[in-house]
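S.K.:
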């Protein structure tokens, strides 16, 4: 099973990219000049399957909407664009890893999305652990986020049932 990803993107002449796993670990933090959509997709796919593409601004940029659509994944963006101070505070623990403002903005977006879904990820971890099926974590996350199941428990049971077929 490929890793599920939360991807923060800061589009522009230089695009910032922050890729996290569902545990909040940074898998990639980079910036690329004049990157095409195809190059961006290829780069992200090296790390796994994006479940969420995040932005630090509202309204959501059309380019991020299109990118998420290419992957068939969710978008996440704040109700109000993140302020400079808010981004600084959000990325404070990762200061040494950040090379430019594009990476900072992308990381702030990814971390904000991660924090939004973190409680759900913990609950999925708890349910799969209780059933002795931690190996199903990534599949359950994907199923719950794509609303293919009513609940975390249902998603887990459905996956187990499908395995037995």
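In our numbering, the protein residues as written are 353 to 517. Here a beta-carbon is modelled for each residue, glycine too, at the ideal position from N, C-alpha and C.
(1) Go through the segment 374-442 residue by residue and report every complete run of the beta strand (DSSP E) that reaches 3 residues or more, in order.
(2) For the alpha helix (DSSP H) containing residue 476, list its first residue and its last residue.
(3) Please determine if the segment 439-455 and the segment 382-389 are in contact, where contact requires at least 3 C-beta pairs separated by less than 8 Å.
(4) What's the gap between the Cα of residue 516 and the Cα of residue 509?
(5) Considering only their Cβ atoms, is the gap separating residue 401 from residue 459 smaller than 8 Å?
(6) Do the segment 392-409 and the segment 422-441 touch if we need at least three Cβ pairs shorter than 8 Å?
(7) Mind reading off the beta-carbon distance from residue 463 to residue 419? Whole number of angstroms is fine, and I expect it under 8 Å.
(8) Less than 8 Å between the C-beta atoms of residue 480 and residue 488, yes or no?
(9) Are the Cβ atoms of residue 511 and residue 493 separated by less than 8 Å?
(10) What whole-angstrom Cβ distance do residue 539 and residue 360 have, given they're in contact under 8 Å?
(11) Excluding the 5 residues preceding and the 5 following residue 415 in the sequence, name in chain order all residues of the same chain whose CB lies nearer than 6 Å to its CB.
(12) Taking residue 496 as the reference, which of 472, 486 and 514 has the closest Cα?
M.R.: Quick look at the numbers:
(1) 378-385, 401-406 and 426-428
(2) Taken as a continuous stretch (DSSP letters only), the alpha helix (DSSP H) holding residue 476 covers 453-482.
(3) Segments in contact, yes.
(4) Going from the Cα of residue 516 to the Cα of residue 509 covers about 11 Å.
(5) no
(6) Yes, the segment 392-409 is in contact with the segment 422-441.
(7) Actually they are not in contact, since the Cβ atoms of residue 463 and residue 419 sit about 19 Å apart, beyond 8 Å.
(8) yes
(9) no
(10) In this structure the chain extends from 353 to 517, so residue 539 is not present and cannot be described.
(11) 363
(12) 472
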